[in-house]
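Trainee:
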Amino acid sequence: GVLDEGSAEFLGRVPDDIAKEIVSALGPEVRNPSAFVTRKVKAALQSEFPFKLTEVGLQQPQGSQDSPVVNVYHAGTRVPVPWHSKAQAMEALVQRGILDQRSADFLVKIPDRAAREIVASLGPDVRNPSAFVTRKLRELRVDFASSHRAETAMAAPMPCVEQFLVHRNGAPVSLPWVSKEQAVECLVSWGVLDEGSADFLLKAPEQEAKQIISSLGPDVRNPSAFVTRKLKELMMEGTISPDALTPTPVSVIPIHFNGAMLTLQWFSKEQALGDLVRSGVLDEGSADFLMKAPEQDAKDIVASLGPDVRNPSAFVTRKMKELRYGGQQPEHGKSLASLQTLVVHHNGVPMTLDWFSAEQAIGQLASRGVLDEGSAEFLGRVPDDIAKEIVSALGPEVRNPSAFVTRKVKAALQSEFPFKLTEVGLQQPQGSQDSPVVNVYHAGTRVPVPWHSKAQAMEALVQRGILDQRSADFLVKIPDRAAREIVASLGPDVRNPSAFVTRKLRELRVDFASSHRAETAMAAPMPCVEQFLVHRNGAPVSLPWVSKEQAVECLVSWGVLDEGSADFLLKAPEQEAKQIISSLGPDVRNPSAFVTRKLKELMMEGTISPDALTPTPVSVIPIHFNGAMLTLQWFSKEQALGDLVRSGVLDEGSADFLMKAPEQDAKDIVASLGPDVRNPSAFVTRKMKELRYGGQQPEHGKSLASLQTLVVHHNGVPMTLDWFSAEQAIGQLASRGVLDEGS
Numbered sequence: 158g159v160l161d162e163g164s165a166e167f168l169g170r171v172p173d174d175i176a177k178e179i180v181s182a183l184g185p186e187v188r189n190p191s192a193f194v195t196r197k198v199k200a201a202l203q204s205e206f207p208f209k210l211t212e213v214g215l216q217q218p219q220g221s222q223d224s225p226v227v228n229v230y231h232a233g234t235r236v237p238v239p240w241h242s243k244a245q246a247m248e249a250l251v252q253r254g255i256l257d258q259r260s261a262d263f264l265v266k267i268p269d270r271a272a273r274e275i276v277a278s279l280g281p282d283v284r285n286p287s288a289f290v291t292r293k294l295r296e297l298r299v300d301f302a303s304s305h306r307a308e309t310a311m312a313a314p315m316p317c318v319e320q321f322l323v324h325r326n327g328a329p330v331s332l333p334w335v336s337k338e339q340a341v342e343c344l345v346s347w348g349v350l351d352e353g354s355a356d357f358l359l360k361a362p363e364q365e366a367k368q369i370i371s372s373l374g375p376d377v378r379n380p381s382a383f384v385t386r387k388l389k390e391l392m393m394e395g396t397i398s399p400d401a402l403t404p405t406p407v408s409v410i411p412i413h414f415n416g417a418m419l420t421l422q423w424f425s426k427e428q429a430l431g432d433l434v435r436s437g438v439l440d441e442g443s444a445d446f447l448m449k450a451p452e453q454d455a456k457d458i459v460a461s462l463g464p465d466v467r468n469p470s471a472f473v474t475r476k477m478k479e480l481r482y483g484g485q486q487p488e489h490g491k492s493l494a495s496l497q498t499l500v501v502h503h504n505g506v507p508m509t510l511d512w513f514s515a516e517q518a519i520g521q522l523a524s525r526g527v528l529d530e531g532s533a534e535f536l537g538r539v540p541d542d543i544a545k546e547i548v549s550a551l552g553p554e555v556r557n558p559s560a561f562v563t564r565k566v567k568a569a570l571q572s573e574f575p576f577k578l579t580e581v582g583l584q585q586p587q588g589s590q591d592s593p594v595v596n597v598y599h600a601g602t603r604v605p606v607p608w609h610s611k612a613q614a615m616e617a618l619v620q621r622g623i624l625d626q627r628s629a630d631f632l633v634k635i636p637d638r639a640a641r642e643i644v645a646s647l648g649p650d651v652r653n654p655s656a657f658v659t660r661k662l663r664e665l666r667v668d669f670a671s672s673h674r675a676e677t678a679m680a681a682p683m684p685c686v687e688q689f690l691v692h693r694n695g696a697p698v699s700l701p702w703v704s705k706e707q708a709v710e711c712l713v714s715w716g717v718l719d720e721g722s723a724d725f726l727l728k729a730p731e732q733e734a735k736q737i738i739s740s741l742g743p744d745v746r747n748p749s750a751f752v753t754r755k756l757k758e759l760m761m762e763g764t765i766s767p768d769a770l771t772p773t774p775v776s777v778i779p780i781h782f783n784g785a786m787l788t789l790q791w792f793s794k795e796q797a798l799g800d801l802v803r804s805g806v807l808d809e810g811s812a813d814f815l816m817k818a819p820e821q822d823a824k825d826i827v828a829s830l831g832p833d834v835r836n837p838s839a840f841v842t843r844k845m846k847e848l849r850y851g852g853q854q855p856e857h858g859k860s861l862a863s864l865q866t867l868v869v870h871h872n873g874v875p876m877t878l879d880w881f882s883a884e885q886a887i888g889q890l891a892s893r894g895v896l897d898e899g900s
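Each residue of the sequence shown is one higher than the one before, starting from 158 at the first, in our numbering.
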């Protein structure tokens with residue numbers, strides 16, 4: 158069970174010594190052996206012995222030099238395809254449902270050798286062969302147009318390729334529609350749709366699928382939920398037969414939770430674990446940890462949730478650890494005690510972290526919720542010793558570990574080993590010194606961007622919605638090396654890549670004008686950039702308006718607007734947003750409240766449609782206050798706690814204290830405001846203290862009485878302050894109103 162059928166058979170394609178070397182590399186840090194082996198075999202086929210590709214990928218029957226058999230993989234199964242001629246092979250691939258007609262037609266138009274190499278690359282990890290072939294053709298620069306190696310007839314189909322404008326994280330992206338499968342695969346790879354909604358959409362007729370995709374406008378906050386809802390509406394209207402859309406679960410797993418037996422329908426790992434989180438069986442940390450297991454192992458662990466399991470999340474985490482180390486010690490001949498144990502802090506609470514390897518430790522930090530996915534993956538870019546040093550620095554004074562780690566990794570990449578920046582940020586394929594791949598992060602996901610030329614890379618970044626056209630145009634005008642370094646700096650903490658690039662260009666003194674390293678044409682766009690005078694803490698600041706998104710991001714990063722009002726402002730038309738921002742004068746004491754009020758006034762006047770501004774709450778939480786039940790709409794933590802203060806449920810001190818908790822913990826505490834809670838503010842403060850110290854004493858072996866108690870004065874009145882840690886004490890001063898948020 159170490160390898161699945163497909164990867165095992167794929168491993169048999171390489172010579173014995175290379176296969177042995179790949180298998181020997183299956184160490185404790187390898188989470189998915191099948192994917193690891195497939196990746197290593199591909200690398201071996203392409204780089205270590207490239208001239209054996211024909212021998213390995215194409216089986217040549219004896220006595221027939223012109224009729225090889227190409228082994229391809231489809232749905233995890235090896236399929237031998239006779240290759241008597243290119244046209245015959247394409248017809249066979251279409252008949253067997255491996256390729257759609259359009260991608261097969263394109264393959265027919267390129268040289269036989271190139272077509273065979275692409276088809277032979279259809280390994281067990283390729284989920285959508287048609288989309289894979291299309292991508293390979295683009296890499297060969299045979300991208301639905303003309304190419305040096307393709308016949309001129311290749312250019313003919315181009316006008317027939319429909320283009321759909323969809324929105325990805327609020328930015329418009331052009332989606333070419335070659336086939337339904339290819340389009341859906343694109344949307345999944347961009348992170349627009351999740352696996353479940355994509356599978357659902359694939360079952361709809363092509364015309365209905367196109368209509369739904371074309372409706373993905375900038376106001377759609379959750380495209381996956383939107384697509385699912387639209388499909389269900391079509392099914393209710395009778396436009397689509399229910400039988401056509403109802404997916405069949407791969408398996409149905411009985412589990413136990415809170416003394417009751419539940420049945421879990423398993424369509425995919427992502428969907429199943431999402432259902433377990435939504436139903437409260439697993440917390441997000443353990444579900445994320447379980448997501449890293451192979452699908453069959455994840456199923457086995459979930460199926461083990463019997464009636465004797467009291468804490469499913471802890472059970473799953475323990476099983477995952479056993480799965481990682483096989484119930485044995487992680488390194489041969491070493492006991493766990495002999496391996497390094499670090500002490501890190503999260504929310505002011507110390508926790509021990511066993512360090513077996515960087516990958517294992519980083520995975521553990523992610524599963525415990527100390528690091529988010531983006532910063533965890535970013536931390537994996539640096540060598541083990543530097544990663545360990547960064548993690549060791551997670552002391553009680555670190556309030557946001559993810560941001561801290563990202564900042565430290567960036568500093569390490571830029572200063573501690575600057576000459577390794579190319580190795581870390583730019584992956585250089587063997588045999589290709591001029592075509593690196595730059596790994597960037599967008600919406601928390603790593604996106605590899607091929608860098609054949611500066612212009613091509615910028616076009617790819619714009620098409621994927623990572624950069625807007627203006628910032629890409631500016632990057633084109635600076636030297637290639639500088640542009641690559643800026644793009645490689647797009648880490649998981651960068652919320653607005655376009656604004657980040659603009660700022661980096663300013664730091665390089667390439668600030669929309671002329672520069673020693675930039676071409677003089679760079680200066681041309683400058684007159685088009687509007688400047689707005691806003692006030693930040695009473696001081697005037699010039700705000701360049703490149704785009705609405707960039708301007709709002711600037712205001713958030715400066716602390717002028719909070720997240721809630723910024724999200725609200727992003728929904729307004731650009732002209733109205735400019736008018737509101739230009740009104741932020743020195744007399745505006747609370748810019749966030751001012752912006753929200755102005756938007757509501759425009760909505761009441763009819764200048765802006767209410768539908769354009771009304772966001773959809775993430776959740777609705779019932780709470781009790783003064784004997785009555787209230788419903789709290791939760792759009793964001795800031796908005797929800799603000800509403801609780803305005804309605805008198807919480808005082809400002811307890812709300813500020815609760816603001817320091819992770820969003821999910823804050824939700825859980827607010828949801829606990831039942832009819833028996835007489836003093837919500839005191840209840841919230843107590844719950845926050847329990848959350849910080851896990852119901853235990855804040856330091857091992859010390860009683861609360863033995864810790865230092867200080868006497869401070871506020872408004873001339875003395876008060877006692879228990880000092881457990883700096884973070885706890887500062888939080889208490891803020892919650893009591895002694896200190897404001899800034900100080």
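All C-beta atoms, glycine included, are put in the ideal place defined by N, C-alpha and C.
1. Are the beta-carbon atoms of S381 and S354 separated by less than 8 Å?
2. In the DSSP assignment, find the beta strand (DSSP E) that holds A696 and state where it starts and stops.
3. Between G695 and the rest of its own chain, which residues show a CB-CB distance below 7 Å, the 5 nearest in sequence each way excluded?
4. How many angstroms separate the CA atom of F357 from the CA atom of N379?
5. CB P451 to CB N189, shorter than 8 Å?
6. Using the three-state DSSP reduction, which class does E178 fall into: helix, strand or coil?
7. Decide if L322 is buried, meaning its Cβ has at least 16 other Cβ atoms within 10 Å, or exposed.
8. Are the segment 273-287 and the segment 192-201 in contact at 8 Å, needing three or more beta carbon pairs?
9. Using only the alpha-carbon positions, how far apart do P237 and V341 sit?
10. Would you kindly work out how many angstroms separate the C-alpha atoms of G416 and P469, rounded to a whole number?
11. Between the Cα of T753 and those of S739, Q732, D724 and I778, spot the shortest distance and give me the residue it belongs to.
12. What residue range is occupied by the uninterrupted alpha helix (DSSP H) comprising S628?
13. Return the CA-CA distance between F289 and L256, expressed in angstroms with no decimal places.
14. Could you check what DSSP says for D879 in three-state terms: helix, strand or coil?
15. Mind checking whether S811 and V841 have CB atoms under 8 Å apart?
16. Along the chain, which unbroken stretches of the beta strand (DSSP E) at least 3 residues long are found entirely within the segment 744-819?
17. Output needed for A444: all residues of its chain with C-beta closer than 7 Å, excluding positions within five of it in sequence on either side, in chain order.
18. Note down, in chain order, each residue of its chain lying with its Cβ closer than 8 Å to the Cβ of I397, except the 5 sequence neighbours on either side.
19. Do R621 and W347 have their C-beta atoms within less than 8 Å of each other?
20. Would you list the residues sitting across from F321 in a DSSP beta bridge?
21. Let me know if E642 comes out buried or exposed under the rule of 16 or more other beta-carbons within 10 Å of its beta-carbon.
22. Give me, in chain order, the residues of the same chain whose beta-carbon lies closer than 7 Å to that of E720; leave out the 5 immediate sequence neighbours on both sides.
23. Less than 8 Å separating the beta-carbons of V619 and A629?
24. Run through DSSP, which three-state label would T396 get?
25. Could you round the C-beta distance between V597 and W608 to whole angstroms and report it? I think they count as a contact, below 8 Å.
26. Just to confirm the assignment, what range does the beta strand (DSSP E) spanning S408 have?
27. Hey, is the segment 237-253 in contact with the segment 324-331, meaning 3+ C-beta pairs nearer than 8 Å?
28. If we ignore side chains and look at the alpha-carbon of each, how far apart do S722 and I737 end up?
29. Tell me which residues share the same chain as A717 and place their Cβ nearer than 6 Å to its Cβ, disregarding the 5 neighbours each side in the sequence.
30. Which term fits W240, buried or exposed, when burial requires 16 or more other beta carbons within 10 angstroms of its beta carbon?
31. Do P553 and A883 have their C-beta atoms within less than 8 Å of each other?
32. Give the straight-line distance between the Cα atoms of V581 and S646, rounded to the nearest whole angstrom.
33. Taking Cβ to Cβ, would you say S549 is nearer than 8 Å to L528?
34. Nearest to E186 by alpha carbon, out of L359, D541, Q368 and I410?
35. Along the chain, which unbroken stretches of the beta strand (DSSP E) at least 3 residues long are found entirely within the segment 328-388?
36. Per the DSSP calculation, H502 is bridged to which residue(s)?
Mentor: Straight from the coordinates:
1. By 1-based counting over the sequence shown, the position of residue 381 is 224. By 1-based counting over the sequence shown, the position of residue 354 is 197. Yes, the Cβ-Cβ distance between S381 and S354 is below 8 Å.
2. By one-based count along the sequence shown, residue 696 stands at place 539. Segment A696 to W702, the beta strand (DSSP E) holding A696.
3. The count along the sequence shown starts at 1 and reaches residue 695 at position 538. Closer than 7 Å at the Cβ level, and outside the excluded window around G695, lie P743.
4. Here residue 357 corresponds to residue number 200 of the sequence shown, with the count starting at 1. Here residue 379 corresponds to residue number 222 of the sequence shown, with the count starting at 1. Answer to the nearest angstrom: the Cα atoms are 15 Å apart.
5. Along the sequence shown, read from residue 1 onward, the residue named residue 451 stands at position 294. Along the sequence shown, read from residue 1 onward, the residue named residue 189 stands at position 32. Yes, these two residues count as a Cβ contact at 8 Å.
6. Translated into positions along the sequence shown, residue 178 becomes position 21. Helix, per DSSP.
7. Position 165 of the sequence shown, counted from the first residue, corresponds to residue 322. Exposed is the call here.
8. yes
9. In the sequence shown, counting from the first residue as 1, residue 237 sits at position 80. In the sequence shown, counting from the first residue as 1, residue 341 sits at position 184. Going from the Cα of P237 to the Cα of V341 covers about 27 Å.
10. Working through the sequence shown from its first residue, we reach residue 416 at position 259. Working through the sequence shown from its first residue, we reach residue 469 at position 312. Spanning the two alpha carbons is a distance of roughly 12 Å.
11. Position 596 of the sequence shown, counted from the first residue, corresponds to residue 753. Per the Cα distances, D724.
12. The sequence position of residue 628 within the sequence shown is 471, counting from 1. Taken as a continuous stretch (DSSP letters only), the alpha helix (DSSP H) holding S628 covers Q626 to V633.
13. The sequence position of residue 289 within the sequence shown is 132, counting from 1. The sequence position of residue 256 within the sequence shown is 99, counting from 1. Roughly 10 Å between the two C-alpha positions.
14. For the purposes of this step, residue 879 is taken as residue 722 along the sequence shown, with counting starting at 1. Reduced to three states, the DSSP call for D879 is strand.
15. For the purposes of this step, residue 811 is taken as residue 654 along the sequence shown, with counting starting at 1. For the purposes of this step, residue 841 is taken as residue 684 along the sequence shown, with counting starting at 1. Yes.
16. 776-782 and 785-791
17. Position 287 of the sequence shown holds residue 444. Hits under 7 Å: L430, L433 and V434.
18. As a first step, residue 397 is located in the sequence shown; it is residue number 240 there, counting from the start. For I397, where only same-chain residues beyond five positions count, the Cβ hits under 8 Å are A361, P362, E365, L388 and L391.
19. Here the question's residue 621 lines up with position 464 in the sequence shown. Here the question's residue 347 lines up with position 190 in the sequence shown. Their beta carbons are under 8 Å apart, which means R621 touches W347 by this criterion.
20. Translated into positions along the sequence shown, residue 321 becomes position 164. Bridge partners of F321: L332.
21. Here residue 642 refers to the residue found at position 485 when the sequence shown is read from its first residue. It is buried - the Cβ of E642 has at least 16 other Cβ atoms within 10 Å.
22. Looking up residue 720 in the sequence shown gives position 563. Answer for E720: V713, S793 and E795, listed in chain order.
23. Translated into the one-based positions of the sequence shown, residue 619 becomes position 462. Translated into the one-based positions of the sequence shown, residue 629 becomes position 472. For V619 and A629, yes; Cβs fall inside 8 Å.
24. Stepping through the sequence shown from its first residue, residue 396 is reached at position 239. Three-state result, T396: coil.
25. Start at 1 with the first residue of the sequence shown, and residue 597 comes out as number 440. Start at 1 with the first residue of the sequence shown, and residue 608 comes out as number 451. The Cβ separation is near 11 Å, so there is no contact.
26. Taking the sequence shown and counting its residues from 1, one reaches residue 408 at position 251. Counting along the chain, the beta strand (DSSP E) containing S408 begins and ends at S408 to F414.
27. no
28. Stepping through the sequence shown from its first residue, residue 722 is reached at position 565. Stepping through the sequence shown from its first residue, residue 737 is reached at position 580. Each residue's Cα considered, the two are about 12 Å apart.
29. Numbered from 1 along the sequence shown, position 560 holds the residue referred to as residue 717. Note on residue identity: the sequence assigns Val, not Ala, to residue 717. For V717, where only same-chain residues beyond five positions count, the Cβ hits under 6 Å are R693 and P748.
30. Taking the sequence shown and counting its residues from 1, the one referred to as residue 240 is at position 83. So W240 ends up on the buried side.
31. Position 396 of the sequence shown, counting from 1, holds the residue named residue 553. Position 726 of the sequence shown, counting from 1, holds the residue named residue 883. Yes, they are a contact pair.
32. The count along the sequence shown starts at 1 and reaches residue 581 at position 424. The count along the sequence shown starts at 1 and reaches residue 646 at position 489. Residue confidence for V581 is low, a pLDDT of 33 falling below 50, so the modelled location carries little weight and cannot support an answer.
33. Numbered from 1 along the sequence shown, position 392 holds the residue referred to as residue 549. Numbered from 1 along the sequence shown, position 371 holds the residue referred to as residue 528. No, they are not a contact pair.
34. Start at 1 with the first residue of the sequence shown, and residue 186 comes out as number 29. The candidate whose alpha carbon is nearest that of E186 is D541.
35. 328-334
36. As a position in the sequence shown, residue 502 is number 345, starting the count at 1. BP columns for H502 point to P507.
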